[in-house]
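Residue numbers (the numbering used here), protein chains in the order written: chain S, 1 to 385; chain C, 1 to 340.
Please read the structure below before turning to the comments.
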Amino acid sequence: MIYLDHAAATPLSKHAFEEMKLYFDADFFNPSAAYLPAQKVRRQYEAAKDQIAHIIGAKGADLVMTSGATESINLAFSTIRPGAKILISAAEHQAVRACAERCGNCETIKIDKNARLELEDFQKKLTAETEFVSVCLVSSEIGTIQPISDIARMVATERQRRALAGDDRPLYFHCDASQGLGLMEVKVARLGVDLLTLNAAKVYGPKGIGALYIGHGVKISAQSVGGGQEMGLRSGTENVPATIAFATALTDAQNHLSAEKKRLQNLKKILVKNLETIPNIEFHGNPKTQLPSFVSFSVPGIDAERMIFALEDKEIYLSTGAACAASKGEKSPTLKAMGLNDAAIAGSLRISMGKLNDEENIKQAADAICKVIATEQARLERSKA
Amino acid sequence: MSKVFLGMSGGVDSAVSAYLLREAGHEVVGAYMKNWSKNLPGMKCPWAEDLADAKRTAVKLGLDFRVFDFENEYKQKVVDYMIAEYKKGNTPNPDIMCNQEIKFKLFAETAFEQGAELIATGHYACTDGKNLLRAVDDNKDQTYFLYRISADVIPKILFPVGEMKKPDVKALAEKVGLSVARKPESMGVCFVGEANIKDFLGEFVETKPGEIREIETEKVLGYHDGAIFYTLGQRHGLGLKTGLPYYVVKKDMGKNIVYVSQNLNSLSLWKKEIELKDIIIRGEHNLTKLQARIRHRAPLISAKLEGNKLIFADEQKSLTPGQSVVLYDGDICIGGGIIA
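What follows is the structure, given as structure tokens:
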């Protein structure tokens, strides 16, 4: 198997898996119970939260653990007052788009041909009425890193203006860091965000665990009530094993950040060099603003889904530009907003590399992709004849 | 060698059909008919997975592949018909309607427009170029569902697995490496899938609870949640606390009463003679010497057709209005009609 879809899911790291096992077994206690062994679990749980928070430059008490990015995003959007004006980028994940649509009063900020948010358009749309902004750290389809701190500066300026004018209308900035975490530095202060969504399943942690960072001064209310866990913001017995594993996996990723970045850059170079031989291939995204793990491309006339099935037959796994929507024949809004035509959207493939890749299997994969595309082009030629 | 458009459902039968057509040298275009995509209570519609499986097979075999979106037509011709029939108290067969209106009419027309010379499906049935014939695998024969297809289209149909036995179809799929070889067979009404027909109808039809009465005594034995949900001969799901088996023998839709009986010999349940409507007969046949099938996989019974009247050699049980009786002259499926 050659796995090229780390942006969709990463395998659980062995270290994280080892660390979490204990909490299914000997240390299974409910951290809210009063006796000592349970209290020990409570301390370890809090320590794990601190560990996660530390990596993003926050404290454990700033985090609400959730079931994953989608829940974090929903919780972040719950801060929005009914009817309030919100802004999202055109490169957002379905979860953000769906939350925004539900709020109703939403405008989309343009992205350029490389899927990067257009700051001028943002500045234009950020008005005195705007109450919420949501932009991803990295677009999940192209891997483009968004200018989060630039956006934050504009948000801060507007906030300052309101403060001086005595206008107490809130303005929060949420960033979905599902993609990017574990592959680049993510610090809340430097990014300048009020709310930050984290996801374990893309950093070699388990599925079903995520977190929302909530900055000081953000007014937020619980979406699920009950026993009052997570400072009353998310009731329900804490998912201790998954939180421990999340902390372990994220810490490991953080410790190897620069080495892994270099390794991925090298793999990307090899991959691109090999794919460049395909006639008419178009790469999407600007390598300067793209995570090194991502390579996105299309070949005019080639149907991406056919390529996925053809490569699957050789046990090579990758995605179309938009994994969630592809099987239902829906066109990716991100690719559309980048200005790609229908043929390029239909032919768009996303490779996201990670721990399961090395030089050898990347060369093999590139070779297989070239062959499969050549076969498909030959078939299309034949049927034209 | 012809240009063949093959209806691919994502199942093993149409996948093997694709392989066989390609091996025979045809230029094959795989086509997925998107007829239904709505989820129902307790039942996720598997259309997206089925489409992916169909496309996967087409890619594996190097075939062109298209999606035909027939959702609107399917809703009008099949679903609305089905709901209307249930409302009348009948028990319709939507698969038969789907074959008549969608697969062997709309699909065929669309395929021919797009350059097909022949169409094909993964049904277990045969043709001799003129007649619709029973499949070789008697256990799988699907002519019951195909009896209403038009005589005009039959010469243009191929049924590549019609002469195969199901286990051989599966074995061949496995041998040539088709990923759907081990896919479990879908059950029940095509689009309702495994969902309870009750749940489905509940979405579309308002129903009223009513009485369940014993036909001999008129005694109220219990209550039902809508007479449309019950089928003649039905024994399970009546919810009677009598401890004894009762059968549905009659429905009074006007009064919303379901009649039951313990007596399997109840006259309402057994009939020797029935009236058919919407009769279709293809070709010239001796209508006094026919074989009839009163439900899918039921044994063939001798019968004769006199006008609208079908007379069986022996009395038959649970002839349900809305269901079809399919008629055969030897191996030829000549047509049939709907029980009035």
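Note that beta-carbon positions come from the ideal geometry of N, C-alpha and C, so glycine has one too.
- Unbroken alpha helix (DSSP H) runs of no fewer than 4 residues, entirely contained in the stretch 23 to 82 of chain C, are found at 47 to 60 and 71 to 74, following chain order.
- C/Arg56 belongs to the set of residues whose beta carbon lies under 7 Å from a beta carbon in chain S.
- Not a single CB atom of chain S sits nearer than 7 Å to the CB of C/Gly233.
- The beta-carbon of S/Ser383 is placed less than 7 Å from the nearest beta-carbon of chain C.
- Secondary structure at S/Asn361: helix, using DSSP grouped into helix, strand and coil.
- Under the Cβ criterion of 7 Å, C/Asp64 is counted among the residues facing chain S.
- Contacts between C/Lys60 and chain S, judged by CB atoms closer than 9 Å, involve Phe309, Ala310 and Asp313 in chain order.
- With 16 or more neighbouring CB atoms inside 10 Å of its own CB, C/Glu214 falls in the buried class.
- Under the DSSP assignment, S/Ser296 falls in the beta strand (DSSP E) whose first and last residues are Phe294 to Ser298.
- Counting only runs of 3+ residues, the beta strand (DSSP E) found wholly inside the stretch 33 to 119 of chain S occupies 63 to 66, 85 to 89 and 106 to 109, in chain order.
- Residue C/Ala15 holds the alpha-carbon nearest to the alpha-carbon of C/Gly177 among C/Met1, C/Gly7 and C/Ala15.
- Taking 7 Å as the CB threshold, S/Arg379 lines the interface with chain C.
- DSSP lists C/Ala292 as the bridge partner or partners of C/Ile301.
- In the structure shown, C/Gln100 adopts helical secondary structure according to DSSP, grouped into three states.
- Interface annotation, S/Arg97: not in contact with chain C, CB-CB separation never under 7 Å.
- Straight across, the Cα-Cα distance linking S/Phe246 with S/Gly205 is about 5 Å.
- Within its own chain, the residues whose Cβ lies closer than 7 Å to the Cβ of C/Lys140, once the five positions on either side in sequence are excluded, are Tyr124 and Lys166, listed in chain order.
- Under the three-state reduction of DSSP output, S/Ala8 falls in the coil class, being neither helix nor strand.
- Within chain C, no C-beta atom comes nearer than 8 Å to that of S/Glu330; the closest sits roughly 11 Å away.
- Not one beta carbon of chain C lies nearer than 7 Å to the beta carbon of S/Arg350.
- Look at S/Leu267 here: in three-state DSSP terms it is helix.
- Of all alpha-carbon atoms in C/Glu113, C/Thr57, C/Val205 and C/His26, the one lying nearest the alpha-carbon of C/Lys88 is that of C/Val205.
- Collapsing the DSSP output to three states places C/Ala120 in a strand.
- With contacts defined as CB atoms closer than 7 Å, S/Gly210 and S/Thr66 qualify as a contacting pair.
- Within chain C, not a single residue places a beta-carbon under 7 Å from that of S/Arg162; the smallest gap is close to 45 Å.
- Linking C/Lys183 to C/Val12 through their CA atoms gives a straight-line distance of about 7 Å.
- Taking 4 residues as the minimum length, the alpha helix (DSSP H) runs contained wholly in the stretch 137 to 161 of chain C are 143 to 146, in order along the chain.
- Judged by DSSP in its simplified three-state form, S/His15 adopts helix.
- In the displayed model, C/Glu273 falls within a strand according to three-state DSSP.
- The Cβ of S/Arg306 sits closer than 7 Å to at least one Cβ of chain C.
- Pairwise C-beta distances place the stretch 121 to 141 of chain S in contact with the stretch 86 to 96 of chain S, as three or more of them are shorter than 8 Å.
- Contact fails between the stretch 257 to 268 of chain C and the stretch 293 to 308 of chain C, because fewer than three Cβ pairs, one in each stretch, are under 8 Å apart.
- Proximity of the stretch 95 to 107 of chain C to the stretch 220 to 233 of chain C falls short of the contact definition, fewer than three beta-carbon pairs being nearer than 8 Å.
- Taking the CA atoms as reference points, S/Leu356 sits about 60 Å from C/Leu232.
- A direct Cα-to-Cα measurement between C/Pro160 and C/Val169 gives close to 10 Å.
- The three-state secondary structure of S/Glu315, taken from DSSP, is coil.
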